[in-house]
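There are 2 protein chains.
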Amino acid sequence: MAELKNDRYLRALLKQPVDQTPVWMMRQAGRYLPEYRELRAKAGDFMSLCRDADFACEVTLQPLRRYDLDAAILFSDILTIPDAMGLGLRFETGEGPVFDRPITCLRDVEKIGIPDPEDELGYVMNAVRTIRKGLNGDVPLIGFSGSPWTLATYMIEGGTSKAFTKIKKMAFAEPKTLHLLLDKLADSVISYLNAQVAAGAQSLMIFDTWGGILSPRDYREFSLRYMAKIVDGLTRENEGRSVPVTLFTKNGGQWIEEIAATGCDAVGLDWTIDISDAKARVGDKVALQGNMDPSMLYASPERIGQEVQHILEQYGHDNTGHVFNLGHGIHLDVPPENAGAFIKAVNELSRPFHK
Amino acid sequence: MAELKNDRYLRALLKQPVDQTPVWMMRQAGRYLPEYRELRAKAGDFMSLCRDADFACEVTLQPLRRYDLDAAILFSDILTIPDAMGLGLRFETGEGPVFDRPITCLRDVEKIGIPDPEDELGYVMNAVRTIRKGLNGDVPLIGFSGSPWTLATYMIEGGTSKAFTKIKKMAFAEPKTLHLLLDKLADSVISYLNAQVAAGAQSLMIFDTWGGILSPRDYREFSLRYMAKIVDGLTRENEGRSVPVTLFTKNGGQWIEEIAATGCDAVGLDWTIDISDAKARVGDKVALQGNMDPSMLYASPERIGQEVQHILEQYGHDNTGHVFNLGHGIHLDVPPENAGAFIKAVNELSRPFHK
Chain U
67 MAELKNDRYL
77 RALLKQPVDQ
87 TPVWMMRQAG
97 RYLPEYRELR
107 AKAGDFMSLC
117 RDADFACEVT
127 LQPLRRYDLD
137 AAILFSDILT
147 IPDAMGLGLR
157 FETGEGPVFD
167 RPITCLRDVE
177 KIGIPDPEDE
187 LGYVMNAVRT
197 IRKGLNGDVP
207 LIGFSGSPWT
217 LATYMIEGGT
227 SKAFTKIKKM
237 AFAEPKTLHL
247 LLDKLADSVI
257 SYLNAQVAAG
267 AQSLMIFDTW
277 GGILSPRDYR
287 EFSLRYMAKI
297 VDGLTRENEG
307 RSVPVTLFTK
317 NGGQWIEEIA
327 ATGCDAVGLD
337 WTIDISDAKA
347 RVGDKVALQG
357 NMDPSMLYAS
367 PERIGQEVQH
377 ILEQYGHDNT
387 GHVFNLGHGI
397 HLDVPPENAG
407 AFIKAVNELS
417 RPFHK
Chain X
67 MAELKNDRYL
77 RALLKQPVDQ
87 TPVWMMRQAG
97 RYLPEYRELR
107 AKAGDFMSLC
117 RDADFACEVT
127 LQPLRRYDLD
137 AAILFSDILT
147 IPDAMGLGLR
157 FETGEGPVFD
167 RPITCLRDVE
177 KIGIPDPEDE
187 LGYVMNAVRT
197 IRKGLNGDVP
207 LIGFSGSPWT
217 LATYMIEGGT
227 SKAFTKIKKM
237 AFAEPKTLHL
247 LLDKLADSVI
257 SYLNAQVAAG
267 AQSLMIFDTW
277 GGILSPRDYR
287 EFSLRYMAKI
297 VDGLTRENEG
307 RSVPVTLFTK
317 NGGQWIEEIA
327 ATGCDAVGLD
337 WTIDISDAKA
347 RVGDKVALQG
357 NMDPSMLYAS
367 PERIGQEVQH
377 ILEQYGHDNT
387 GHVFNLGHGI
397 HLDVPPENAG
407 AFIKAVNELS
417 RPFHK
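The following block contains the structure:
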């Protein structure tokens with residue numbers, strides 16, 4: 067493997083000194099980029115794209131050609147595991163992901179196996195290997211998965227949801243069934259992420275998009291517990307370097323101390339919490355990733371720069387351990403030049419915070 | 067007016083002793099009740115129903131005939147004010163509320179006037195008067211409004227939204243335009259709620275359904291500030307009694323101290339915060355309303371009873387100042403007997419907490 071030229075992102079996650087705050091954007095490879103839309107128009111359906119290692123590599127690299135980013139993230143979907151479990155994933159226009167065979171009862175859960183990461187999910191590992199080659203050591207590659215709770219919401223609701231009534235019904239009326247599913251998902255995620263590391267992922271992130279719809283007790287029981295199990299089971303060193311792990315629960319600002327206590331290296335923050343408060347609460351335990359409102363990218367470059375400065379100041383001059391990011395994925399209708407203004411602002415404005 | 071027979075709800079909001087914890091449910095008059103659906107099927111479109119005082123009275127009273135509730139809430143919609151401002155409200159099947167003429171620019175905001183509560187909104191005041199008569203003093207009547215920020219989201223997005231990109235674009239790129247709109251909305255809400263009190267509402271609630279999608283700074287600037295202005299402008303006494311005011315920001319658990327500091331009487335909580343933590347944080351400043359996950363009503367009566375007991379214990383034996391409720395509106399597919407089990411559990415299990 068080519069030697070890593072820019073390791074700011076990995077160093078910041080481990081709270082080691084860096085010369086400027088590393089930055090990347092959730093969903094940085096995606097629809098807001100015209101070059102992505104162009105390639106996408108020529109290709110087939112969304113999952114076929116994820117299955118094509120060359121396509122996945124090309125779109126992973128696209129934002130890196132435009133912007134001075136400090137990390138690349140595997141182009142894939144969070145629902146690859148449920149798809150590999152045989153639930154029949156489709157993407158309906160305007161409707162998002164749909165499962166043809168959602169989970170409805172204990173019998174459905176019992177039938178599910180742990181997907182083999184080099185068999186049913188081998189296409190993801192091929193993509194990781196291809197992207198690592200394509201990156202040629204420029205920046206580290208982030209591998210990722212959805213959290214067990216988040217995957218389970220899609221598997222039980224049959225797709226996206228507003229009120230999550232089916233999974234909550236199961237959580238309150240048949241908790242054992244749900245726990246069996248979450249445990250199988252945790253084992254699957256461990257095997258999936260470890261295979262990504264073996265294939266070349268240099269850092270891992272777990273997206274708990276829907277943990278924030280739970281009460282504190284239910285979050286601990288149905289989401290955090292399984293993320294902690296995953297953290298315990300992950301390969302944390304490879305190629306002679308640490309493989310840092312970031313946990314991100316959207317709307318999880320109230321629970322960051324407990325998330326930090328799982329043993330992860332970093333906690334991702336959305337924009338509904340002040341990063342200064344978050345830092346005071348987690349202390350030196352973990353690095354923090356975040357946390358600009360993605361909608362700020364609709365404003366002018368000047369306003370974007372002011373917001374970057376504001377967040378850098380909030381994080382403070384004891385600057386180790388901050389990875390700049392949006393608080394959620396970039397919106398698909400953001401002008402690419404505004405994303406550029408954001409990245410540039412972090413690169414330039416963060417240097418005085420690293421003396 | 068008939069003398070009030072059951073004032074537990076009003077007393078609890080003022081942190082006065084009661085014999086048992088008062089309980090009502092957000093959206094208690096609504097689609098989960100077969101008698102509501104029956105009446106609704108015979109009648110016209112949703113806004114015509116809201117405009118019919120006899121219909122509004124009948125559906126407001128329906129849940130009180132089934133359950134031992136401690137309050138009634140005006141049957142109406144949160145979007146009556148924007149509708150009265152001339153934005154052309156429609157309800158599309160499966161799509162929710164839609165405005166034919168959403169707000170897009172400063173010019174649109176400048177054209178808007180403050181609706182006269184006894185003219186354009188006179189139908190709401192007629193409903194309040196009719197319901198007060200229909201209640202005959204059994205329980206107090208709650209009047210309500212959406213918060214300025216929440217109303218503005220619908221007015222600018224043109225309906226419901228997922229990412230709220232249009233209003234955030236305005237907040238970050240044209241904050242003055244948005245502030246002008248929010249200020250007009252705050253004035254409108256003050257006039258609207260004071261008219262509800264004059265017509266007979268005995269308590270007021272402001273629903274800030276979408277304040278929780280903002281960063282802490284933006285929440286203060288665009289939502290809380292205008293709710294505080296409203297609290298300052300409200301009639302707080304009528305018919306020789308206090309008219310308590312409750313503020314409810316969904317996903318606002320991180321900001322309850324600041325909400326409490328507005329001068330409101332009570333803070334509504336969703337289920338993403340422990341009510342014990344909330345109580346420790348706000349101290350004696352305000353009463354608290356909440357906070358069972360509405361999805362718990364899918365579970366068995368036994369499980370519902372356990373959850374009620376758990377929340378009562380969390381609130382603790384220093385029990386004054388708790389109004390039991392769901393953390394959000396009741397789901398439309400909840401079995402009515404489960405709602406009954408919930409109300410009964412609060413009535414029975416809460417007595418030992420009030421000695």
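Residue numbers (our numbering), protein chains in the order written: chain U, 67 to 421; chain X, 67 to 421.
We put the CB at the ideal spot given by N, CA and C, even for glycine.
Exposure of residue i, with buried meaning 16 or more beta-carbon neighbours within 10 Å
i: P100(X); result: exposed
i: E305(U); result: exposed
i: R74(U); result: buried
i: G110(X); result: exposed
i: P129(X); result: buried
i: G209(U); result: buried
i: P206(X); result: buried
i: G319(U); result: buried
i: S366(X); result: exposed
i: M271(U); result: buried
i: D384(X); result: exposed
i: C123(U); result: buried
i: R77(U); result: buried
i: E223(X); result: buried
i: A346(X); result: exposed
i: P401(X); result: exposed
Below-8 Å beta-carbon distance, residue i vs any chain U residue
i: S361(X); result: yes
i: G406(X); result: no
i: K71(X); result: no
i: G278(X); result: yes
i: D274(X); result: no
i: K235(X); result: yes
i: D340(X); result: yes
Interface partners of residue i on chain X, CB under 7 Å
i: A229(U); result: H397
i: W337(U); result: S281
i: G319(U); result: Q320
Neighbouring residues, chain X, relative to residue i (Cβ below 8 Å)
i: A239(U); result: Y364, A365, S366, R369
Cutoff 8 Å: residue i Cβ touching any chain X Cβ
i: K108(U); result: no
i: K81(U); result: no
Through-space distance from residue j to residue i, alpha-carbon basis
i: H388(U); j: A405(X); result: 47 Å
i: P148(X); j: G162(X); result: 15 Å
i: P83(X); j: I178(U); result: 54 Å
i: F288(U); j: W215(U); result: 6 Å
i: L115(U); j: H420(U); result: 40 Å
i: Y292(X); j: A252(X); result: 6 Å
i: L199(U); j: Y189(U); result: Residue 199(U) is actually Lys in this sequence, not Leu. Rounded to whole angstroms, K199(U) to Y189(U) spans 15 Å at the Cα level.
i: F314(X); j: A267(X); result: 18 Å
i: S308(X); j: K71(X); result: 16 Å
i: T338(X); j: D120(U); result: 42 Å
i: A332(U); j: Q355(U); result: 7 Å
i: G278(U); j: D185(X); result: 42 Å
i: A137(U); j: W90(U); result: 6 Å
i: V352(U); j: N413(X); result: 45 Å
i: C330(X); j: A218(U); result: 39 Å
i: N391(X); j: G225(X); result: 27 Å
i: A416(X); j: G371(U); result: Ala is not the amino acid found at residue 416(X); the sequence shown has Ser there. One C-alpha to the other measures close to 53 Å.
i: A68(X); j: W321(U); result: 48 Å
Identified DSSP bridge partners for residue i
i: G209(X); result: L270(X)
i: S281(U); result: S281(U) is not bridged to any residue.
i: L313(X); result: I272(X), V333(X)
i: M362(X); result: DSSP output for M362(X) lists no bridge partner at all.
i: V89(X); result: F390(X)
i: V190(U); result: Note: V190(U) sits in no beta bridge, so no partner.
i: N41(X); result: Nothing in the structure corresponds to residue 41(X), since chain X is present only between 67 and 421.
Residue i beta carbon near the ligand NAP (any heavy atom closer than 7 Å)
i: C116(U); result: As far as ligands go, the structure on display features none, and thus does not contain the ligand NAP.
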